[in-house]
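Using the working numbering, read the sequence shown as starting at 1 and increasing by one per residue.
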Amino acid sequence: MSIYGLTNAKPDGSKRLLGRGQVYIDRLDPTTGARGGQLFSGDVKQFLLSGAEETIKEYSSVTPDSPLVASASLQREVTLELTMTEVEQKKLAIALFGTAATLTQTSGSFGSGAGDALGAAAFVCKGGYWYPLASGKRNISAVTIKHTTISGTTVSASDYEVDGVNGMIFVKAGGGGDNKVLFVECTYGADTRLDVSVFDANVTAYVRFQGDPAQGPACGAEFWKVVFSPEGGLDLIGTEFAKFPLKGSVLNDAPNHPTQPYGHIWHA
1 MSIYGLTNAK PDGSKRLLGR GQVYIDRLDP TTGARGGQLF SGDVKQFLLS
51 GAEETIKEYS SVTPDSPLVA SASLQREVTL ELTMTEVEQK KLAIALFGTA
101 ATLTQTSGSF GSGAGDALGA AAFVCKGGYW YPLASGKRNI SAVTIKHTTI
151 SGTTVSASDY EVDGVNGMIF VKAGGGGDNK VLFVECTYGA DTRLDVSVFD
201 ANVTAYVRFQ GDPAQGPACG AEFWKVVFSP EGGLDLIGTE FAKFPLKGSV
251 LNDAPNHPTQ PYGHIWHA
């Protein structure tokens with residue numbers, strides 16, 4: 001028996017939380033604020049809820065110890081931090097504050113008399129550099145290059161290199177294409193790419209968490225309206241697996257949720 005007589009004052013290790021779980025993000029329509037569907041955010045390494053409050057305090061000047069006699073809250077801020085890890089189009093659009101799109105190219109060709117300028121029309125190409133087709137076509141093959149005009153002198157194939165996948169031409173220094181205006185005859189195949197613009201859009205979202213912990217009670221949570229801001233970057237070159245952290249301000253949504261204006265957490 002405890003010396004204080006508190007026989008029920010015992011720690012409960014089953015209530016210690018070692019969290020795991022799934023995060024879902026529903027990006028709100030920027031005009032209407034409507035939800036569009038919850039995206040599973042992949043393997044999220046951190047999901048941290050925190051709060052901060054700025055207060056004003058008044059201390060007495062009556063006695064030397066100047067005791068605190070009044071305190072009031074000036075403002076409260078609730079934040080949500082998470083770290084995403086999966087490089088996938090829709091997830092990148094959230095992590096990089098961009099817009100997802102699909103770039104589609106149909107097959108075709110640039111034939112004799114209708115070539116495509118290299119670099120740009122009347123653009124003098126220098127040896128030692130890579131140049132795209134002016135049209136931006138990719139997946140190219142059967143390449144022939146001429147200088148001055150499309151009907152001009154053919155450049156030897158040994159004077160340039162072709163990156164067919166990306167539609168790029170390398171002009172060799174001192175070759176027949178060096179310091180010339182160049183035009184390309186080629187065929188190009190169908191090509192589809194998933195595209196994400198970067199840091200040109202805002203991300204406001206409904207966020208839901210479904211806990212599946214390694215230890216402790218299974219918690220769930222949802223937050224009605226979170227305005228995210230960039231908190232880091234995406235390592236396209238690195239020595240560790242890439243991670244992209246996000247930080248969001250949880251808005252007070254009292255008009256729609258008067259009793260739980262920021263969100264709520266529950267557990268089994």
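Beta carbons are placed, not taken as given, at the ideal position from N, Cα and C, and that holds for glycine.
Counted as a single uninterrupted DSSP element, the stretch harbouring residue 237 is not any beta strand (DSSP E), since DSSP gives it neither H nor E. Here residue 157 carries a helix assignment [DSSP, helix/strand/coil]. Under the three-state reduction of DSSP output, residue 73 falls in the strand class. Annotated three-state conformation of residue 45 is coil, per DSSP. Looking at the backbone, the Cα of residue 61 and that of residue 200 are separated by about 53 Å. In the same chain as residue 75, and ignoring 5 residues on each side of it, the C-beta atoms closer than 8 Å to its own belong to 53, 54, in chain order. Per the C-alpha coordinates, the member of 225, 165, 246, 227 positioned closest to residue 234 is 246. Rounded to the nearest angstrom, the Cβ distance from residue 191 to residue 139 is 4 Å, consistent with a contact under 8 Å. With the rule of 3 Cβ pairs closer than 8 Å, the stretch 205-212 does not count as touching the stretch 177-186. Inclusion of residue 131 and residue 84 in the CB contact set at 9 Å is not warranted, their separation being larger than that value. Contact annotation: residue 134 and residue 159 have beta-carbon atoms that are not nearer than 9 Å.
Residue pairing by DSSP places residue 208 opposite 24, 222 in a beta bridge. Straight across, the Cα-Cα distance linking residue 175 with residue 155 is about 8 Å. A straight-line Cα-Cα distance of about 29 Å links residue 77 and residue 86.
Boundaries around residue 90 are those of the alpha helix (DSSP H), 89-95, since no beta strand (DSSP E) includes it.
The continuous beta strand (DSSP E) containing residue 185 extends over residues 180-188. Residue burial is scored here from C-beta neighbours: residue 65 has fewer than 16 other C-beta atoms within 10 angstroms and is therefore classed as exposed. Taking residue 106 as reference, the option from 31, 189, 143 with the minimal CA-CA separation is 189. With a contact defined as Cβ atoms closer than 8 Å, residue 46 and residue 80 miss out at about 10 Å. Our two residues, residue 164 and residue 110, have alpha carbons roughly 14 Å apart in a direct line.
Linking residue 244 to residue 250 through their CA atoms gives a straight-line distance of about 19 Å. Scanning the stretch 110-182 from its first residue to its last, the whole beta strand (DSSP E) runs of 3-plus residues come out as 129-132, 140-147, 160-163, 168-171. In the assembly as shown, residue 41 is a buried residue. Its beta-carbon has 16 or more other beta-carbons within 10 Å. DSSP lists 195 as the bridge partner or partners of residue 101. Across the set 166, 118, 137, 173, the C-alpha of 118 shows the shortest separation from the C-alpha of residue 147. Ranking 203, 71, 268, 141 by CA distance to the CA of residue 93 puts 203 first. For the pair residue 101 and residue 198, the CB atoms are not nearer than the 9 Å cut-off.
When only Cα atoms are considered, residue 262 and residue 73 end up about 17 Å apart.
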